[in-house]
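**Student:** With my numbering applied, the sequence shown corresponds to residues 344 to 569, in that order. All C-beta atoms in this analysis are idealised placements derived from N, C-alpha and C, irrespective of residue type, glycine included.
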Amino acid sequence: MLLTTRKATGADIPFLVQIEYEASLPPLDHCFWEDLLEGTGTTALEFIEAELRAEASNWGNVSDFIVLEEQGRPVAAAAGYVPNPEDYCPLQLSRLEAIAQELDWSNATTSDFRDRYLGLFGGDMKPFFLTPQAPWIIENVAVLPEARGRGLGKVLLKAMLEAGRSQGHSHAGIMVINGNDRARYTYESVGFKPYQTFYADYFSEQFNLEFPGVTKFGVTLTHSRE
């Protein structure tokens with residue numbers, strides 16, 4: 344295999360849309376945007392594309408992604424970003440109007456989506472479980488379905504960690520939904536260690552949701568001195 348990595352550009356947006364969508368599915372086979380988009384007539388793929396074009400994500404915009412290519416063809420990608428200390432939920436609400444313009448939403452549709460988003464992510468009361476555990480966070484990690492099973496996720500994550508080191512970050516964090524064992528094993532294989540787990544009862548009590556919970560991982564990026 345001839346594997347190379349590079350930074351993403353605007354031309355990669357259609358590919359990154361698929362990556363972000365695939366990253367959102369395991370282990371529930373369901374993208375959380377789909378619930379928020381109910382009644383809008385917009386698919387999760389359409390929303391993710393508008394979000395990327397509007398640079399409206401708190402969890403990685405185009406310039407934050409690294410693309411892994413095999414024989415010159417993009418097969419995997421992930422985003423690494425410095426979390427916003429004031430808003431660590433997925434969407435920059437200040438950019439919602441730009442997303443709505445991309446999607447040709449009416450004012451009523453935009454308002455309904457905003458209300459639904461704030462209902463889930465708490466408005467000014469940001470969900471504690473999303474508090475960043477490191478100064479640099481890796482998110483939206485995915486390998487295209489047809490390229491899985493060949494260790495490409497591990498190759499991608501090693502490249503991401505090297506990128507974090509080159510940017511001078513001391514630690515990296517990553518999060519997985521409980522039950523996504525394939526992702527967990529891959530993260531642990533490159534050095535991530537469990538940092539904090541929020542179990543299903545946390546979400547049932549705090550959010551009245553049936554959700555398996557999440558585990559946050561961390562890894563040290565700085566090389567120890569001998």
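Go through its chain and collect everything with a Cβ distance to Glu440's Cβ below 8 Å, but skip five positions before and after it.
**Tutor:** As a working note, residue 440 is residue 97 in the sequence shown. Excluding positions up to five away in sequence, the list reads Thr453.
**Student:** Does DSSP put Leu500 in a helix, a strand or coil?
**Tutor:** In the sequence shown, residue 500 corresponds to position 157, counting from 1. Helix.
**Student:** For Arg416, which three-state DSSP category applies?
**Tutor:** Walking along the sequence shown from the start, residue 416 turns up at place 73. Residue state, collapsed to three classes: strand.
**Student:** Using CA coordinates, which residue listed in Glu548, Pro357, Asn401 and Asp355 is at the minimum distance from Thr474?
**Tutor:** What you label residue 474 is simply residue 131 of the sequence shown in a count that begins at 1. Here the closest residue by C-alpha is Asn401.
**Student:** Tell me, which residues are paired with Tyr424 by DSSP?
**Tutor:** By one-based count along the sequence shown, residue 424 stands at place 81. Bridge partners of Tyr424: Ile480.
**Student:** Quick one: any contact between the region 501-516 and the region 421-430, if contact means 3 or more CB pairs under 8 Å?
**Tutor:** Enough Cβ pairs lie closer than 8 Å, so yes.
**Student:** Should Pro357 be labelled buried (16 or more other beta-carbon atoms within 10 Å of its own) or exposed?
**Tutor:** Locating residue 357 in the sequence shown gives position 14, where the first residue counts as 1. The residue in question, Pro357, is exposed, as its Cβ has fewer than 16 Cβ neighbours within 10 Å.
**Student:** Which runs of the alpha helix (DSSP H), 4 residues or longer, sit entirely within the region 358-411?
**Tutor:** List check, alpha helix (DSSP H) in window: 375-379 and 387-396.
**Student:** Count the other CB atoms, across all protein chains shown, that sit within 10 Å of the CB of Ser567; report buried if there are 16 or more and exposed otherwise.
**Tutor:** In the sequence shown, residue 567 corresponds to position 224, counting from 1. Note on Ser567: pLDDT 47, under 50, position unreliable in the model; the coordinate value appears next. Exposed is the call here.
**Student:** Among the residues of its own chain, which have a CB less than 6 Å from the CB of Val486, if the five just before and after it don't count?
**Tutor:** For the purposes of this step, residue 486 is taken as residue 143 along the sequence shown, with counting starting at 1. For Val486, where only same-chain residues beyond five positions count, the Cβ hits under 6 Å are Ala419, Leu495 and Gly496.
**Student:** Leaving out five residues on either side along the sequence, give the residues of the same chain with a beta carbon under 8 Å from the beta carbon of Asp455.
**Tutor:** Residue 455 sits at position 112 when you count from the first residue of the sequence shown. The residues are Gly382 and Thr383.
**Student:** Output needed for Trp376: all residues of its chain with C-beta closer than 6 Å, excluding positions within five of it in sequence on either side, in chain order.
**Tutor:** Looking up residue 376 in the sequence shown gives position 33. So the qualifying residues of the chain are Ala387 and Phe390.
**Student:** Measure from the alpha carbon of Met344 to the alpha carbon of each residue in Phe408, Arg457 and Arg416, then state which is nearest.
**Tutor:** Sequence index remark: in the sequence shown, residue 344 carries index 1 (1-based). Considering only alpha carbons, the answer is Arg416.
**Student:** Report the option in Ile481, Thr565, Ile520 and Arg525 whose CA atom is closest to the CA atom of Arg508.
**Tutor:** Sequence index remark: in the sequence shown, residue 508 carries index 165 (1-based). Closest by alpha carbon: Thr565.
**Student:** Suppose you measure from the CA of Ala443 to the CA of Ala397; what does that come to, to the nearest Å?
**Tutor:** The residue labelled residue 443 in the question sits at position 100 within the sequence shown. The residue labelled residue 397 in the question sits at position 54 within the sequence shown. Going by the C-alpha atoms only, they are around 9 Å apart.
**Student:** Does the distance from the CB of Thr558 to the CB of Thr540 come in under 8 Å?
**Tutor:** Translated into positions along the sequence shown, residue 558 becomes position 215. Translated into positions along the sequence shown, residue 540 becomes position 197. Their beta carbons are under 8 Å apart, which means Thr558 touches Thr540 by this criterion.
**Student:** For the candidate residues Ala351, Arg457 and His373, whose alpha-carbon lies nearest to that of Leu411?
**Tutor:** By 1-based counting over the sequence shown, the position of residue 411 is 68. Ranking Ala351, Arg457 and His373 by Cα distance to Leu411 puts Ala351 first.
**Student:** Tell me the residue span of the alpha helix (DSSP H) that contains Arg457.
**Tutor:** Counting from 1 along the sequence shown, the entry for residue 457 is found at position 114. It spans Asn450 to Phe464 - the alpha helix (DSSP H) in which Arg457 sits, taken as one unbroken run.
**Student:** Any idea if Ser367 is buried or exposed, counting beta-carbon neighbours within 10 angstroms, 16 or more meaning buried?
**Tutor:** In the sequence shown, the residue the question calls residue 367 occupies position 24. So Ser367 counts as buried.
**Student:** So within the region 484-534, which uninterrupted alpha helix (DSSP H) runs reach at least 4 residues, ignoring any that extend past its ends?
**Tutor:** Those alpha helix (DSSP H) runs which fall completely within the region 484-534 and span 4+ residues are 495-509 and 524-532.
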